[in-house]
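Colleague: 67 is the number that my numbering gives to position 14 of the sequence shown; each next residue is one higher, with no gaps.
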Amino acid sequence: MPVTPEPDPPDYHQDLVAHPENLAIMRRIVSAHVDLWGFRELADSVTLCAHELLANVDRHTGSPHCTITLRRRPDGVRVTVTDTNTDSPTPCDPDWATESGRGLALISGLAEHFGTVIRQGSKDVWAEILTSRPSALA
Numbered sequence: 054m055p056v057t058p059e060p061d062p063p064d065y066h067q068d069l070v071a072h073p074e075n076l077a078i079m080r081r082i083v084s085a086h087v088d089l090w091g092f093r094e095l096a097d098s099v100t101l102c103a104h105e106l107l108a109n110v111d112r113h114t115g116s117p118h119c120t121i122t123l124r125r126r127p128d129g130v131r132v133t134v135t136d137t138n139t140d141s142p143t144p145c146d147p148d149w150a151t152e153s154g155r156g157l158a159l160i161s162g163l164a165e166h167f168g169t170v171i172r173q174g175s176k177d178v179w180a181e182i183l184t185s186r187p188s189a190l191a
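(1) With DSSP as the reference, label residue 188 as helix, strand or coil.
(2) Quick test of your reading: residue 180 and residue 110, contact by CB under 8 Å. State the CB separation rounded to the nearest angstrom.
(3) Going by the beta-carbon positions, is the gap between residue 108 and residue 158 smaller than 9 Å?
(4) Just the C-alpha distance for residue 68 and residue 118, rounded to the nearest angstrom, thanks.
(5) In terms of alpha-carbon separation, which member of 82, 143, 88 lies closest to residue 112?
(6) Taking the straight line between their C-alpha atoms, what separation do you get for residue 80 and residue 165?
(7) Can you round the beta-carbon distance between residue 128 and residue 184 to whole angstroms, since I take them to be within the 8 Å contact cut?
(8) For residue 67, list the residues DSSP reports as bridge partners.
(9) Where does residue 168 fall in DSSP's three states?
(10) Going by other Cβ atoms of all chains shown within 10 Å of its Cβ, with 16 needed for buried, is residue 33 buried or exposed?
(11) With a threshold of 16 other CB atoms inside 10 Å of the CB of residue 160, please say whether the residue is buried or exposed.
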């Protein structure tokens, strides 16, 4: 009997309210999906990027309602947060003595690529965290 390979696990989408009290559970969900997809070595970086993107929704958009999407790629994971604000995030030189303002600098250091896509009535802010090893599924 021929062996049929299992399909890749699907993308993960979650609508949520990005209040700080919800971020701990989202970190666990993100980490679990990254592990499921075989990128355990990326779990901390992907989870931290997701946390920062979600925290920015609550702090900077005027509405905490958003959607997080995790997409498995052959060489890593793309995390996207969609919110209802059309203003691009503005990177700044972080003041390391303050409590906030370092999120985009942190994402820039962890992600191979990141950016923003403005849509009518919303925006996607995304980051791709890649591995240096070739994927067995590529």
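Quick reminder that beta carbons are idealized off the backbone N, C-alpha and C, glycines included. None of the values given here were measured: they were computed from a predicted structure.
Modeller: Taking the geometry as given:
(1) The count along the sequence shown starts at 1 and reaches residue 188 at position 135. With a pLDDT of 47 at residue 188, under the threshold of 50, the modelled position of this residue cannot be trusted; read the value that follows with caution. In the structure shown, residue 188 sits in coil (DSSP, three-state: anything other than H, G, I, E or B).
(2) In the sequence shown, the residue the question calls residue 180 occupies position 127. In the sequence shown, the residue the question calls residue 110 occupies position 57. Not really, about 14 Å apart at Cβ, beyond 8 Å.
(3) The count along the sequence shown starts at 1 and reaches residue 108 at position 55. The count along the sequence shown starts at 1 and reaches residue 158 at position 105. Contact: no.
(4) Locating residue 68 in the sequence shown gives position 15, where the first residue counts as 1. Locating residue 118 in the sequence shown gives position 65, where the first residue counts as 1. Cα to Cα, the separation comes out at about 7 Å.
(5) Along the sequence shown, read from residue 1 onward, the residue named residue 112 stands at position 59. Looking at the Cα atoms, 143 is the closest of the given residues.
(6) Against the sequence shown, residue 80 aligns to sequence position 27. Against the sequence shown, residue 165 aligns to sequence position 112. Roughly 20 Å separates the two Cα atoms.
(7) As a working note, residue 128 is residue 75 in the sequence shown. As a working note, residue 184 is residue 131 in the sequence shown. So it is a contact: roughly 6 Å between Cβ atoms.
(8) Counting from 1 along the sequence shown, the entry for residue 67 is found at position 14. 121.
(9) Walking along the sequence shown from the start, residue 168 turns up at place 115. If DSSP states are grouped into helix, strand and coil, residue 168 belongs with the strands.
(10) Only positions 54 to 191 of the chain appear in the structure, and residue 33 is not among them; the question remains open.
(11) As a working note, residue 160 is residue 107 in the sequence shown. So residue 160 counts as buried.
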